[in-house]
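To start, the structure under review is shown below, and the notes come after it.
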Amino acid sequence: RKEVEQDPGPFNVPEGATVAFNCTYSNSASQSFFWYRQDCRKEPKLLMSVYSSGNEDGRFTAQLNRASQYISLLIRDSKLSDSATYLCVVYGGSQGNLIFGKGTKLSVKP
Amino acid sequence: GAGVSQSPSNKVTEKGKDVELRCDPISGHTALYWYRQSLGQGLEFLIYFQGNSAPDKSGLPSDRFSAERTGGSVSTLTIQRTQQEDSAVYLCASSLAAAYRTDTQYFGPGTRLTVL
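If you read the protein sequences in the order shown, they are chains E and V. Heads up, the first sequence is in this note's numbering, so the first residue is 62 and it goes up one at a time. Heads up, the second sequence is in this note's numbering, so the first residue is 9 and it goes up one at a time.
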């Protein structure tokens, strides 16, 4: 099983749609979780951290399910500018390193 | 303020040649990371520098890869005797990171390396 797995997509949705991405991780000792966004041929940028109780930032909601070892990202009212690849990132702990998923590509159409 | 900068932005080289990639982190950031991203793949960790501590080289794929960080600031990633499978985008990131590696990482624009 890969350390961090994501559905590569692409997810093609119309503007205004709600879309959800899931990510699973293999290391049950993982301590911290993040979503990064990467635009085409650009560098990744932190979108949001994921907290155990779930957290929201505007149209974006992140949730963590430790028992099932998955993380989700929900985007409401999609905008054209949301089109990007969303990277699920997990910190394994014990001075390990961030493990990046391969990303899920989102394309929002007019 | 200025972000992470990398140079060159693109590098085309012939198989067997050595290349040097440069990273200027954000001023004041003590942690510096190198990753590479091959086409259609996720980011692959290469090496991590934290202050004056010995670097974590656990991600380097072979002894052809090395990196140094001078004066706790600028870093250079060197690939010797390049192979075609080294072709990728090499990304550098920096963070304030004190005790943990989970501080927000700010990425540079990357160097796209093509080995012919």
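Just so it is clear, CB atoms sit at the ideal spot from N, CA and C, and this is done for glycine as well.
Would you call residue 100/V buried or exposed, if buried means 16 or more other Cβ atoms sit within 10 Å of its Cβ? Taking the second sequence and counting its residues from 1, one reaches residue 100/V at position 92. Its Cβ being crowded by 16 or more others within 10 Å, residue 100/V is buried.
Own chain, CB closer than 6 angstroms to residue 104/V, minus 5 neighbours either side, in chain order: As a working mapping, residue 104/V is identified with position 96 in the second sequence. Cβ within range, chain order: 37 and 111.
Excluding five sequence neighbours on each side, which residues of the same chain lie with their C-beta closer than 6 angstroms to the C-beta of residue 22/V? Here residue 22/V is taken as the residue at index 14 of the second sequence, counted from 1. Once the five neighbours on either side are set aside, the close Cβ partners of residue 22/V are 124.
Reference residue 83/E; option with closest CA among 135/E, 141/E, 112/E and 139/E: As a working note, residue 83/E is residue 22 in the first sequence. Residue 83/E has its Cα closest to that of 135/E, out of 135/E, 141/E, 112/E and 139/E.
Simplified DSSP assignment, three categories, for residue 93/V: The count along the second sequence starts at 1 and reaches residue 93/V at position 85. Note: residue 93/V maps to helix in three-state DSSP.
Closer than 9 angstroms, Cβ to Cβ, to anything on chain E: give me those residues from the region 42-72 of chain V, in chain order. 43, 45, 48, 49, 50, 51, 52, 53, 56, 64, 66 and 67
Touch check for the region 81-90 of chain V and the region 18-33 of chain V: three-plus C-beta pairs under 8 angstroms? yes
Reference residue 170/E, options 127/E, 76/E and 97/E, closest by Cα: On the first sequence, residue 170/E is found 109 positions in, with the first residue counted as 1. The option with the nearest alpha carbon to residue 170/E is 76/E.
Straight-line CA distance for residue 103/E to residue 116/V? Reading the first sequence from its first residue, position 42 is the one you call residue 103/E. Reading the second sequence from its first residue, position 108 is the one you call residue 116/V. Cα to Cα, residue 103/E sits roughly 9 angstroms from residue 116/V.
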